[in-house]
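In what follows, a single structure is set out as structure tokens and then discussed.
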Amino acid sequence: MEHFITSVHINEVRHLKDIEIKLNPEKRQHLILTGKNGSGKTSVLQAMKDYLQAIDDGVYQELCIRRSYKSNDKLSELEKIVAETFAKYNSGVEVDVSNVVGLDRLYSQGEFVTAYFPADRKTVIHRAKGVQDVKLENQYSLDDTPENILLKYMVHLKTQQAYAKNENDLSVEKKIAEWFSRFENALKVLLSDDSIRLIYDYKNYNFLIEQKGRNPYSLDELSDGYSAIIGIVADLILRMDRNWLLKGELSQYDVEGVVLIDELETHLHVELQRKILPFLTEFFPRIQFIITTHSAYILNSISNACIYDLEKQVRFADFSSYSADEIAEGYFDAPNYSATMQDKILRYQHLVKQEELSDSEKAERAQLRIELKTANKLLEEDISDEFNRIEEKKDSNG
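Position 358 of the sequence shown, counting from 1, maps to 359 under our numbering, and the rest follow consecutively.
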């Protein structure tokens, strides 16, 4: 049984009240919160984080049960006793998960991950000062930053690989080589360069990125944009690795979980904005991403996402079939776009009603019909509906 969020209830967060965002109840669907600055995106995400903290604390199932006590007068005294304990999880948002039973246990065993990345996130990767026996935790909390030890962990793996080779343990040596190959391939995708090679600088206990046309550089010398993204990827990798080497099985990064990212586009240039969400959802296929963004390039980057505008309090379907320019014109400049389209629908309606038209009016009507028929239905549902009504009436009148 899969575990994922099926709905988000905004009871009261700042000016937002009594809003329910429904997600696919049958399979994992990502959620993208958008809207202008001040619409409440960050506040809602933080309130979701507070509620999901109950998973980290091992009381999520109990919290869900206590939600059902609200209308039961017989349990009102019990509620008074426990209210203070559970109040910290309620910041105005409640979250429904597809299968609550056993979720706390899965988290404690490292089989379900939670993570939160704030908008002001800074990736700090500490260099190793020598070989250290790095032991990963079985689970990390929402606020933990395991990516800080990425380089230390990589040095540890290289050391173990050398030991395995010395002891002729070819299986372990091969698995560690596969780990580095996979990480190197991720760098190639994220940095959009197939020439990249990850080189171990054993004298300085460091890893360098070799790239055509550039001098070698370390992971802690990346630009803010690349550092931010690789920090997220490294964080999730380390949450899932859980000392796989001791178990002899390479992690497949298919652990379930929910990851919250505020302003995913922070520090990212356009190319990275286009590819980051598709990369994350493919690399971590059982993670449900809940993000906030202003970026049209992120809004249309994946198909399996619900897009909710907190400013307009409107739920949109898949934007992936629309270009960023169409979204920028039709969504982020919606008032101007809507006014233009409304004028066109009124003009088309007028021309359809006329029994006699000049040649130029016939040509105008045909052009308007083409434009309205191909209008962005996701962004202009009312106009689309009105156009369909005009067409149906026209057809019925012959």
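All C-beta atoms in this analysis are idealised placements derived from N, C-alpha and C, irrespective of residue type, glycine included.
Contacting residues, own chain, Cβ-Cβ under 7 angstroms from residue i (five flanking each side not counted)
i: Q54; result: Y90, L143
i: E176; result: The question names Glu, but residue 176 is Lys in the sequence shown. If we look at K176 and ignore the five residues flanking it on each side, its Cβ neighbours are L251.
i: Y254; result: I238, M241, F284, F285
i: K395; result: V353
i: K136; result: N244
i: Q350; result: I391
i: S296; result: E266, Q274
i: Q140; result: Y108, S109, G111
i: L223; result: I231
Nearest to residue i (by Cα), restricted to the options the options
i: K37; options: K395, T294, Q343, E362; result: T294
i: Y117; options: A48, M155, L369, K374; result: A48
i: E63; options: V114, D360, T86, I262; result: T86
i: Q314; options: R215, F181, G232, V45; result: V45
i: I33; options: N389, N301, A364; result: N301
i: G111; options: G59, N149, K130; result: G59
i: K345; options: N389, E372, L104; result: E372
i: D263; options: D19, T35, S219; result: T35
i: Q343; options: K123, F388, N167; result: F388
i: S228; options: T115, L24, K123; result: K123
i: E138; options: A120, R390, Y108; result: Y108
i: E312; options: A120, E148, I20; result: I20
i: K153; options: N169, K189, L347, F208; result: F208
i: E211; options: K204, L220, T267; result: L220
i: I233; options: R106, D202, L281; result: L281
i: L104; options: L188, C65, D145; result: C65
i: Y218; options: T115, R128, K276; result: R128
i: G41; options: L223, I292, R183, A364; result: I292
i: K204; options: K130, L223, A364, R275; result: K130
i: T43; options: R68, P119, R67, T115; result: P119
i: L115; options: P147, D134, A88; result: According to the sequence as given, residue 115 is Thr; it is not Leu. Checking every option, the nearest Cα to that of T115 belongs to P147.
i: H31; options: R68, R316, A88, G39; result: R316
Residue i - containing beta strand (DSSP E), residue span
i: F317; result: 315 to 317
i: Y309; result: 306 to 310
i: E21; result: 17 to 23
i: I33; result: 31 to 35
i: I1; result: Within the shown structure, residues of the chain are numbered from 2 to 399, placing residue 1 beyond reach of any answer.
i: V94; result: 94 to 98
Contacts around residue i, its chain only, beta-carbon distance under 6 angstroms, and the 5 residues preceding and following it disregarded
i: S72; result: For S72, the pLDDT reaches just 49, beneath the cut-off of 50, and the residue's location in the model is therefore unreliable, although a value from the coordinates is still provided. Closer than 6 angstroms at Cβ, skipping near neighbours: no residue.
i: L192; result: none
i: I288; result: G258, V260
i: F5; result: R29, S99, Q289
i: H16; result: none
i: L151; result: I126, A235
i: P26; result: T7
i: A335; result: Unreliable placement is indicated for A335, whose pLDDT of 49 sits below 50; the coordinate value is still reported in the next sentence. Counting only Cβ-Cβ distances below 6 angstroms, and skipping sequence neighbours, we find nothing.
i: D202; result: L209
Where the alpha helix (DSSP H) through residue i begins and ends
i: A367; result: 360 to 374
i: V45; result: 42 to 57
i: E63; result: 61 to 68
i: Y298; result: 297 to 300
For residue j and residue i, believed in contact at Cβ under 8 angstroms, the rounded distance
i: N309; j: I56; result: According to the sequence displayed, residue 309 carries Tyr and not Asn. Incorrect: roughly 22 angstroms between the Cβ atoms, too far for contact.
i: V101; j: Y61; result: 7 angstroms
i: L278; j: L265; result: 7 angstroms
i: N12; j: V94; result: 7 angstroms
i: L199; j: E185; result: 4 angstroms
i: V96; j: V9; result: 6 angstroms
i: D51; j: S92; result: 4 angstroms
Contact set for residue i: own chain, Cβ-Cβ below 8 angstroms, skip 5 residues either direction
i: V132; result: V156, H157, T160, Y206
i: V173; result: Q161, Q162, A165, L246, G249
i: L358; result: L352, R366
i: E362; result: L352, Q355
i: E3; result: K28, R29, S99, N100, E257, R287
i: K213; result: D194, S196
i: E179; result: L251
i: L273; result: L191, G226, Y227, I230
i: Y298; result: E266, V271, Q274, R275, A325
i: V369; result: Reading off the sequence shown, one finds Leu at residue 369, where the question assumed Val. For L369, where only same-chain residues beyond five positions count, the Cβ hits under 8 angstroms are K345, R348, Y349, L352.
Beta strand (DSSP E) runs contained entirely in the segment 183 to 224, provided each spans 3 or more residues: 198 to 202, 207 to 211
Length at least 3, wholly inside the segment 106 to 177: the beta strand (DSSP E) runs in chain order: 113 to 118
Start-end ranges of the beta strand (DSSP E) lying completely within the segment 215 to 287, minimum 3 residues: As far as the segment 215 to 287 is concerned, its whole beta strand (DSSP E) runs of at least 3 residues are 257 to 262.
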